[in-house]
Ligand SMILES: O=P(O)(O)OC[C@H]1O[C@H](OP(=O)(O)OP(=O)(O)O)[C@H](O)[C@@H]1O
Ligand SMILES: Nc1ncnc2[nH]cnc12
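Numbering (full-length UniProt numbering), first residue to last: 1 to 194.
Dropping the structure here:
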């Protein structure tokens, strides 16, 4: 299913979107994530063509936007962000879960569908005035991306846009997050059975 965001992402009728969607797996989650319609992008990573098309779409969008920072959210933003950063000539800045970064950090706590968490960023990684995008696999409540935006803005960076492969239905029609544009490729996959 790709219609939900196609009108907004400028890719209406682009066959790459359906192939990307088909490569994502909807799974019935258990443990602390019980009841969550879990979207598994590891199957997208196994499909070379769909994975490359995903990265290519983001690269085409951001290559001429004078972006110097691609910030990726741990863990799944790390699977897309570095490749995009290399292709557009930007640095990659990891936004990590607590106590993973060795240098001086700033931190932002946030709420998730299944609990709460915190993101940290090295203070010296980004300079004031730099133009940044934030990359993650999925936006659900938007709490994670909002924390990422706050971290970058606290050091004086300009967040140009947040980009995700998947947007949960709750974000339908919400084209902005904390005042920043939100760029989404596809809607979630249905779960066949639990
Ligand atoms: O829009 P939100 O409600 O904030 O949720 C989206 C976030 O949740 C998932 O990560 P998760 O926190 O599960 O961490 P993981 O990638 O380390 O599994 C996903 O990769 C996003 O980062
Ligand atoms: N439904 C979901 N599937 C995968 N990751 C998520 N992160 C938050 N909600 C999620």
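Using N, Cα and C, we set each Cβ at its ideal position, and we do this for glycine too.
Using only the heavy atoms of ligand 2, determine whether one of them is closer than 7 Å to the beta carbon of residue 168.
-> At least one heavy atom of ligand 2 is nearer than 7 Å to the Cβ of residue 168, so yes.
Among 29, 187, 95, nearest to residue 77 - alpha-carbon criterion | 95
How big is the Cα-Cα spacing for residue 148 and residue 74?
-> 11 Å
Would residue 213 pass as a contact of residue 140 if the rule is Cβ separation under 8 Å?
-> The question about residue 213 has no answer here: the residues shown for the chain are numbered 1 through 194.
Hey, would you say the C-beta of residue 74 is under 7 Å away from at least one heavy atom of ligand 1?
-> In this structure, residue 74 has its beta carbon less than 7 Å from a heavy atom of ligand 1.
With which residues is residue 116 paired in a DSSP beta bridge?
-> 111
Contiguous alpha helix (DSSP H) assignments of at least 4 residues, all confined to the region 54-116 = 81-88
Contact test: residue 190 Cβ vs ligand 1 heavy atom, cutoff 7 Å = No, the beta carbon of residue 190 sits no closer than 7 Å to any heavy atom of ligand 1.
Opening and closing residue of the beta strand (DSSP E) in which residue 161 lies = 158-167
Contact check, residue 150 vs residue 113, beta carbons under 8 Å = The Cβ-Cβ distance between residue 150 and residue 113 does not fall below 8 Å.
Are at least three pairs of beta-carbons, each pair with one atom in the region 37-49 and one in the region 84-100, less than 8 Å apart?
-> no
For residue 196, the first and last residue of its enclosing beta strand (DSSP E) | Any answer about residue 196 is impossible in this case: the structure gives the chain only from 1 up to 194.
Segment limits, beta strand (DSSP E) that includes residue 132 | Per DSSP, the unbroken beta strand (DSSP E) holding residue 132 starts and ends at 131-139.
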